[in-house]
Amino acid sequence: MLYGVVLAGGTGTRLWPLSRAGHPKFLHPLTGTEASLLQATVDRLDTLTSPDRVFVVTGVAHAAAVSRQLAAMPEENVLVEPSPRDSCAAIALAAAVIARRDPDAIMGSFASDHLIADKEAFADVIRSAMKGAQQGLLMTLGITPTRPETGYGYLQCGDAVGDGPLMKVEEFKEKPTYDVAEGYVKSGTYLWNAGMFVWRADAFLAELHRQQPQLAAGINRIAQAWGTAEQEEVMGDVWPTLPKISVDYAVMEGAAAVGRVGTVPGDFGWNDVGDFHTLGEVLTADQAGNVVVGRGGAPEQLPTVLLRETQGLVVVPSSGRLVAAMGVRDLVIVDTPDAVLVCPRERAQEVKQLVDHLKELGQHGYI
Numbered sequence: 049m050l051y052g053v054v055l056a057g058g059t060g061t062r063l064w065p066l067s068r069a070g071h072p073k074f075l076h077p078l079t080g081t082e083a084s085l086l087q088a089t090v091d092r093l094d095t096l097t098s099p100d101r102v103f104v105v106t107g108v109a110h111a112a113a114v115s116r117q118l119a120a121m122p123e124e125n126v127l128v129e130p131s132p133r134d135s136c137a138a139i140a141l142a143a144a145v146i147a148r149r150d151p152d153a154i155m156g157s158f159a160s161d162h163l164i165a166d167k168e169a170f171a172d173v174i175r176s177a178m179k180g181a182q183q184g185l186l187m188t189l190g191i192t193p194t195r196p197e198t199g200y201g202y203l204q205c206g207d208a209v210g211d212g213p214l215m216k217v218e219e220f221k222e223k224p225t226y227d228v229a230e231g232y233v234k235s236g237t238y239l240w241n242a243g244m245f246v247w248r249a250d251a252f253l254a255e256l257h258r259q260q261p262q263l264a265a266g267i268n269r270i271a272q273a274w275g276t277a278e279q280e281e282v283m284g285d286v287w288p289t290l291p292k293i294s295v296d297y298a299v300m301e302g303a304a305a306v307g308r309v310g311t312v313p314g315d316f317g318w319n320d321v322g323d324f325h326t327l328g329e330v331l332t333a334d335q336a337g338n339v340v341v342g343r344g345g346a347p348e349q350l351p352t353v354l355l356r357e358t359q360g361l362v363v364v365p366s367s368g369r370l371v372a373a374m375g376v377r378d379l380v381i382v383d384t385p386d387a388v389l390v391c392p393r394e395r396a397q398e399v400k401q402l403v404d405h406l407k408e409l410g411q412h413g414y415i
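Taking this note's numbering, the leading residue of the sequence shown gets 49, the next gets one more, and so forth.
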């Protein structure tokens, strides 16, 4: 079976003011059900692994909430980062802990804040990726692009590997301009980079050692102390010294350059829920295209949202107050106990700029 690793970090600033540093987006039920994004991520692994083989890497501030939401998972499987060091250190820590437990382990790394519509198709793609991992390849999941998207990175695919859907990844491409993205999609040889990976833990750690010896040495020191009385002391000493770098930059781009990265194209309704506009596209809308996230209140009570002659709204009522709108269209309206956001849906990605401005003003209580 697969070992599942879920990365639960970041604050989701494009989903402010709902997502905050103390309660980030992966802890919120933004799936159209009562499940949080984190719970949905773990739930979709249930046909591939068991709860004792699922690990979550998260920060100190969120460890308790993660454990509460994932009661079936052993508490020791919550790997706590003393401070954020980006994705490479987080994934490497999980890989080292898993490799100590099972030297032949195949692990998958998944973000905690993605939505996936077709769970069975997703599991099939993971199983195909596991075949590539057994051959020693570092597998990354590619998403068949449906449009020229400028907000995602891309994978340039090469030749097929064997008889299955596996292909070599020639190169990782940064987020392109629209014209470049349009060319990528028309060529048929590019996939969206979903940031999900499958590999043998030992193969990843070997590649990490080849390309990032400092980071690999630090992780090895931590792994040697893991589960002993020295764990916290070693973690506290070593973790802050690790390079802060993403796994794409640190390992995957260099591995692709020497032919060690493969991909499996996926078409399972993937979305990274990056902002409120995107959330409005993936959740169920009414006949006028309005989406109310987490609609609350019993039928006999005053509704939390009252809409008249509106179109294309994304409304997030989370203060307990009534949110009413009339005669407007294509807006994001987010109501929280201490902050209200109103912006055009087309500018939803710019919400991060408000958070940056609050930081400049020293208003950290709102962040």
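All C-beta atoms, glycine included, are put in the ideal place defined by N, C-alpha and C. These numbers were taken from a predicted model, which means no experiment stands behind them.
Counting along the chain, the unbroken alpha helix (DSSP H) around Asn268 starts and ends at Pro261 to Ala273. For Glu255, the number of other beta carbons within 10 angstroms of its own is at least 16, and it is reported as buried. Look at Leu189 here: in three-state DSSP terms it is strand.
In the DSSP annotation of this structure, the continuous segment of the beta strand (DSSP E) that includes Phe158 starts and ends at Ile154 to Ala159. Taken through DSSP and simplified to helix, strand or coil, Trp287 comes out as helix. Within the same chain, and ignoring the five residues on either side of Thr79 in sequence, the residues whose Cβ sits closer than 7 angstroms to its Cβ are Leu85, Ala88 and Leu163. Rounded to the nearest whole angstrom, the C-alpha separation of Ala336 and Tyr202 is 34 angstroms. For Trp318, the beta-bridge partners assigned by DSSP are Ile164. With fewer than 16 other Cβ atoms from the protein chains shown falling within 10 Å of its own Cβ, Thr289 counts as exposed. The segment 236–243 makes no contact with the segment 105–120; the number of CB pairs closer than 8 angstroms stays below 3. Leu185 places its beta carbon 8 angstroms or farther from that of Met300.
In the DSSP annotation of this structure, Asp383 is not part of any alpha helix (DSSP H); the continuous beta strand (DSSP E) holding it starts and ends at Leu379 to Asp383. Val306: not part of any alpha helix (DSSP H); DSSP gives it neither H nor E. When C-alpha distances from Met121 are compared across Pro130, Arg101 and Gln401, the shortest belongs to Arg101. The beta strand (DSSP E) runs lying completely inside the segment 65–112 and spanning 3 residues or more are 102–107, given in chain order.
One thing to note: Ser176 has its Cβ no nearer than 8 angstroms to the Cβ of Leu55. Across the structure, Ala372 and Ser366 are spaced so that their CA atoms are roughly 13 angstroms apart. Contact check for Gly206 against Lys221 fails: the beta carbons are separated by 8 angstroms or more. If you check the CB distance, Met155 and Trp247 come in under 8 angstroms.
If you compare the alpha carbons of Asp91, Gln359 and Glu394 with that of Arg377, the shortest gap goes to Gln359. For Val53, the enclosing beta strand (DSSP E) has its first and last residue at Tyr51 to Ala56. Residue Leu63 holds the alpha-carbon nearest to the alpha-carbon of Arg393 among Met49, Leu63 and Pro132.
Per DSSP, the beta-bridge partners of Val217 are Cys205. Residue burial annotation: His412 is exposed, with fewer than 16 other C-beta atoms found within 10 angstroms of its C-beta.
Ranked by Cα distance from Gly307, the first of Leu389, Val330 and Gly180 is Gly180. If you compare the alpha carbons of Val388, Ala69, Asp250 and Thr61 with that of Ala109, the shortest gap goes to Ala69. Inter-residue distance for Ala251 and Asn268 is about 14 angstroms (C-alpha atoms, whole angstroms). When DSSP states are grouped into helix, strand and coil, Tyr297 belongs to the helix group.
Counting only the Cα atoms, Leu379 lies some 35 angstroms from Val104. Only buried fits Tyr51, as 16 or more other CB atoms lie within 10 angstroms of its CB. When the beta-carbon positions are compared, Asp383 and Arg369 come within less than 8 angstroms of each other. Closest by C-alpha distance to Gly328, out of Asn125, Gln397 and Ala273, is Gln397. Under the DSSP assignment, Leu354 falls in the beta strand (DSSP E) whose first and last residues are Val353 to Arg356. Thr332 and Ala143 have their alpha carbons spaced roughly 37 angstroms apart. Across the structure, Gly107 and Leu127 are spaced so that their CA atoms are roughly 8 angstroms apart.
Residue range Val126 to Glu129 is occupied by the beta strand (DSSP E) that includes Glu129.
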